[in-house]
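For reference, the structure discussed in these notes is given below.
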Amino acid sequence: IVIGSKTRYVSEADALKYVAGYCVINDVSEREYQVDRGGSQWDKGKGCDTFGPIGPWIVTKDEIADIQNLGMWLDVNGKRMQTGNTRTMVFSCAQIIAHVSQYMTLMPGDVIATGSPGALVSSANRPLVAGDMIECEIEGIGVLRNAVVDEPA
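Dropping the structure here:
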């Protein structure tokens, strides 16, 4: 969700009025950090350098008829690893915006990553390695492609 105007203390009914548009985010997770190193998963496993690429562009809200009914896919090297639909989100986009706006002011350009519905790509799958190609797609928004690369020393 990309915020379009200052958003504070909004109701769920009005929340989507504050949206500029939508984009795809590859919500990268480092499972070994999350599972084996103890403590909160959100700070360690989500915030590494290069995690969370966003794109491939912003689709304005008027281009999406129903944000809560879009197909979603994630492929690794052309193999489908995750399939879902925004209708199965735990919280709708409107609920998320309304909730967050009760605790912080959202400003134009702020991005909210909503997470992914459905089965996650888990650590039971082989770890990603340099050269792997990750493709995340949301129907009507686009395909975000990212190659896994070794970080230079």
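Per the working numbering, the sequence shown starts with residue 128, numbered consecutively.
Glycine is no exception: its CB is placed at the ideal position from the N, C-alpha and C atoms.
For clarity, every value in this text was computed on a predicted model and none was experimentally measured.
Cutting at 7 Å between CB atoms, please list the residues of its own chain near residue i, excluding the five before and the five after it.
{"i": "Asn273", "result": "Asn153, Pro180, Ile261"}
For residue i, collect the residues of the same chain with a Cβ closer than 6 Å to its Cβ; drop the 5 residues on either side in sequence, then sort them by chain order.
{"i": "Val275", "result": "Leu255, Ala257, Asp259"}
{"i": "Cys220", "result": "Ile128, Ile194"}
What is the rounded straight-line gap between the Cα of residue i and the Cα of residue j?
{"i": "Gly205", "j": "Trp184", "result": "22 Å"}
{"i": "Thr232", "j": "Arg253", "result": "40 Å"}
{"i": "Thr177", "j": "Tyr136", "result": "32 Å"}
{"i": "Gln229", "j": "Ser138", "result": "9 Å"}
{"i": "Asp277", "j": "Gly211", "result": "29 Å"}
{"i": "Thr187", "j": "Val227", "result": "21 Å"}
Sort the options by Cα distance to residue i and report the nearest one.
{"i": "Glu264", "options": "Leu201, Glu139, Ala140", "result": "Leu201"}
{"i": "Glu190", "options": "Gly148, Ser156, Glu139", "result": "Gly148"}
{"i": "Asp141", "options": "Ala225, Gln209, Asp277", "result": "Ala225"}
{"i": "Arg207", "options": "Met199, Gln222, Ile239", "result": "Met199"}
{"i": "Thr213", "options": "Lys144, Asn196, Leu143, Gly236", "result": "Asn196"}
{"i": "Leu143", "options": "Gln209, Thr210, Cys175, Gln222", "result": "Gln222"}
By Cβ distance below 8 Å, which residues in the same chain neighbour residue i in space, the five residues on each side in sequence not counted?
{"i": "Val151", "result": "Ile181, Gly182, Pro183, Cys263, Glu264, Ile265, Ile268, Gly269, Val270, Leu271"}
{"i": "Gly242", "result": "Asp154, Met216, Val217"}
What's the call for residue i, buried or exposed, on a 16-neighbour Cβ count within 10 Å?
{"i": "Met216", "result": "buried"}
{"i": "Gly131", "result": "buried"}
{"i": "Met234", "result": "exposed"}
{"i": "Thr134", "result": "buried"}
| message | List, from N- to C-terminal side, the alpha helix (DSSP H) runs of 4 residues or more that fit wholly inside the region 199 to 272. | response | 220 to 228
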